[in-house]
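Under the numbering used here, the first residue of the sequence shown carries the number 1046, and numbering increases by one thereafter. Here a beta-carbon is modelled for each residue, glycine too, at the ideal position from N, C-alpha and C. Predicted model, so just to flag it, every value in this text is computed and none were measured. The next block holds one structure in the form of structure tokens; read it before the comments.
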Amino acid sequence: MSHTSNLSESIVATDVYRDLPVVKDSTTSRVLVNNSLLRHVMFSMDTGQVLTEHSSPRAVIVNILAGKLAFTIDGVVHEVEAGDVIYLAPNERHAVEALDKTYMSLTLVVAEDGGDK
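Encoded structure:
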């Protein structure tokens, strides 16, 4: 399902949930789009699964598609659920714990500081 492309190539990813079931006691992921500007990744997490604290040099948008997470940003825990969206600035330290069986997608974008306008 992982696909590296260039910016001028369109991609349609189908059967994503079928190909990425929630697996008991596991966190799984699939890269759906990967090019020089962005990467889009789908995650499935079983209840209790944890992604330990980490960061990305890219700006990140997280969409909670199903389930519920404890999402820690800079030491502050946010309980988020299906329909919620998180923006992480580049290099922001964060951690994730699944409070329920969860699907989330991440879009990681190469960030260049052009200043906030």
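key: Cβ neighbour criterion (16 or more within 10 Å) applied to Leu1151   = Buried: at least 16 other Cβ atoms inside 10 Å.
message = Taking contact to mean 3 or more Cβ pairs, one atom from each stretch, closer than 8 Å, check whether the region 1111-1126 and the region 1134-1147 are in contact.
response = Yes: at least three Cβ pairs fall under 8 Å.
inquiry  = Which same chain residues end up closer than 7 Å to Pro1102 when comparing Cβ atoms and leaving out the 5 residues on each side of it in sequence?
reply    = If we look at Pro1102 and ignore the five residues flanking it on each side, its Cβ neighbours are Pro1135, Asn1136.
inquiry  = So, with DSSP's three-state summary, where would you put Arg1138?
reply    = coil
key: His1123 burial status per 10 Å Cβ neighbour count (16 or more: buried)   = With fewer than 16 other CB atoms across the displayed protein chains lying within 10 angstroms of its CB, His1123 is exposed.
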